[in-house]
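Read through the structure below, which is laid out as structure tokens, and then see the notes.
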Amino acid sequence: MDYFFQDGSQDDHDLLWPEIFPLQYQRCFMPYTSRPICEIRVDKADKSPCSGNINKRMIEFMRRRFPVRFEAEESESKRCVRHMICERKRREREKEGYSALHSVLPPGTKNDKNSIVSMAGRRIEELKRYKKIMERRNQVLEGELSAMGRGNVGFTKIKIRVPNPASGLDSMLEVLQCLNSMGSKTSDIQSKISCEELVAVIDIEAQIGTAEIQRAVQRTLQEVEGETSMSVPCTN
């Protein structure tokens, strides 16, 4: 103790006492203004994805942080949207089909799906019955027409005699073409062609008169052979 208090007569200014400063209390929270201000400047010329607004930056961050899950969720969302669009189009086509079917049904048919389907089924059965009736009527009419046609058909036998023919074969071909053009059906031909004479007997089925057939064959032979003597008698 004497060491610390020796020479008590010494002046107070000779004592080396430390300067007394006011106590500073440490706090858990410091004022915002007391913190150092760090300015973050973004260059306008920066073309990085972080140079946009906060929403774009957050989206880019989430894509980098969770790339697989984000893409999976996005693809699932796209599939849902496509499914919704396809379902909407399908319903629109179905509605148009029911509307078109309702327009051809009898008046008074209800516009709901069940009524349209049931009425369409009954209408189809009725049309099938009508079809069978019309087919039977058609068969009857065809039989009557064929019977009438057979009654009007005449069987005629044409005999041709041309002396000294210029070309017996050409004359015969021209006669057959003439008969065919008149709608006659040839059933039998007997011919004898030589330089001295052309003789032929033709059996035909025709719906016109025998006199008209005779005149047509006569004109055909005159055009081929000229004004030579010939005979074209027709016998029934």
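Following the UniProt record's numbering, the numbering of the sequence shown begins with 1 at its first residue and continues without gaps. Ideal placement from N, C-alpha and C gives every residue a C-beta, glycine not left out.
Secondary structure within the region 64–149: the alpha helix (DSSP H) runs of 4 or more consecutive residues, fully enclosed, are 67–104 (chain order).
In the three-state scheme derived from DSSP, where H, G and I count as helix and E and B as strand, A166 is classed as coil.
In this structure, K159 sits near V201, with a CB-CB distance shorter than 8 Å.
Cβ contact annotation for I116 (same chain, cutoff 8 Å, sequence separation greater than five): Y98, L101, H102, L105, T109 and K110, in chain order. At a Cβ-Cβ threshold of 8 Å, I193 and L169 count as neighbours. Annotation for A216: C178 and M182 place their beta carbon closer than 7 Å to its own, counting only its chain and skipping 5 residues before and after.
For E197, the uninterrupted beta strand (DSSP E) segment begins and ends at E197 to A206. C-alpha of R136 to C-alpha of R123: approximately 20 Å in a straight line. In the structure shown, S187 adopts extended strand secondary structure according to DSSP, grouped into three states. Between the C-alpha atoms of E92 and R79 there is a straight-line separation of about 20 Å. About 6 Å separates the beta carbons of T220 and V175, which is inside the 8 Å limit, making them a contact pair.
Listed as beta-bridge partners of F155 by DSSP are E205.
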